[in-house]
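Take a look at the structure set out below.
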Amino acid sequence: MSFYNHIREIFRFSERDDYLSAQLLNNLVKDSAEDGEISDIIKNKSVAVIGAGPSLTSVREIDADVIIASDGVTNYLVKELDITPDIIVTDLDGISIFPKESIYVVLAHGDNIDLLYKVFYMKKVVPTCQVFPFGRLKLYGGFTDGDRAVVLAKRFGASSIKLLGMDFNSDLIGRYSKPYFTSDVPMSWVKRMKLKIGKMIVSEILSMSDEDNYSNDKILWALHGSYR
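Just so it is clear: in the sequence shown, position 66 is 65 by numbering that gives the first Met the number 0, and no numbers are missing.
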């Protein structure tokens, strides 16, 4: 858990609140989707991971077997392109449309306790956390919605990963990052730091050999290694 301890130090996040959120999510999700369902979707398939950066609105077609949307990207794909993502990776602060066909990989953390009610709008949920997992909870690794989607694709054996809307170096936050944004907004310090960490994670994960065994421990160690 050294990686997440480091994250909590940077942003002054509360480990206690992370546990409280994880416990609540575990209690709310009564019938979670299984790893096998995710593997069946991703393994040996080309995957497009789509982030909510400003360039998202230039995405009109997606050439991939599998689409993994990060959080509020779902709102754009469904409303503007009539596309339903196969998997949605979310901490719930951006998404406001909930297609029934998608699998939702939902993260519990200390800042989204008041948003966990959204899981009631979802049919297939994989509950995840950033503390030691218990109950139905999974710990796949990653930090932001976008980089966690990349981790997920690698973890479950995607044949290739294409990144769209993942604007790590932008000075703007994309309008689809939050449901109440009406346009792109200036980058905050906190968001810039999160994107910096997300970029490091994506670089670390994509550099791992295709022959590697993408176990949770291996991914978490790779991420921790980027901070040593």
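The beta-carbon is built from N, C-alpha and C at its ideal position, and this holds for glycine as well.
Ranked by Cα distance from VAL124, the first of PHE97, PHE131 and PRO132 is PHE97.
Bounds of the alpha helix (DSSP H) holding SER20 are 14–27. According to the DSSP assignment, LEU194 belongs to the alpha helix (DSSP H) that extends over 188–205. By alpha-carbon distance to TYR179, the top candidate from GLY156, ASP113, GLY93 and PHE142 is GLY93. In this structure ALA51 is in contact with TYR175, their Cβ atoms being roughly 5 Å apart against a cut-off of 8 Å. In the same chain as LEU76, and ignoring 5 residues on each side of it, the C-beta atoms closer than 8 Å to its own belong to ILE49, ILE66, ALA68, ILE82, THR83 and PRO84, in chain order. Residue environment analysis places ARG11 among the exposed positions, since fewer than 16 neighbouring C-beta atoms fall within 10 angstroms of its C-beta.
Per DSSP, the continuous beta strand (DSSP E) segment holding LYS123 begins and ends at 123–128. The count of Cβ pairs closer than 8 Å, one atom from the region 9–26 and one from the region 127–135, reaches three, so the stretches are in contact. Beta-bridge partners of VAL88 (DSSP): SER69 and VAL104.
DSSP places ALA47 inside the beta strand (DSSP E), whose first and last residues are 45–49.
With a threshold of 16 other beta carbon atoms within 10 Å, LYS99 falls short and is exposed. Cβ neighbours of SER31 within its own chain (closer than 7 Å, five residues either side excluded): VAL124, VAL125, PRO126 and ARG135. Going by beta carbons, GLN129 and ALA152 fall outside the 9 Å limit. Under a 10 Å Cβ-count criterion, PRO185 is classified as exposed, with fewer than 16 other Cβ atoms of the shown protein chains found around its own Cβ.
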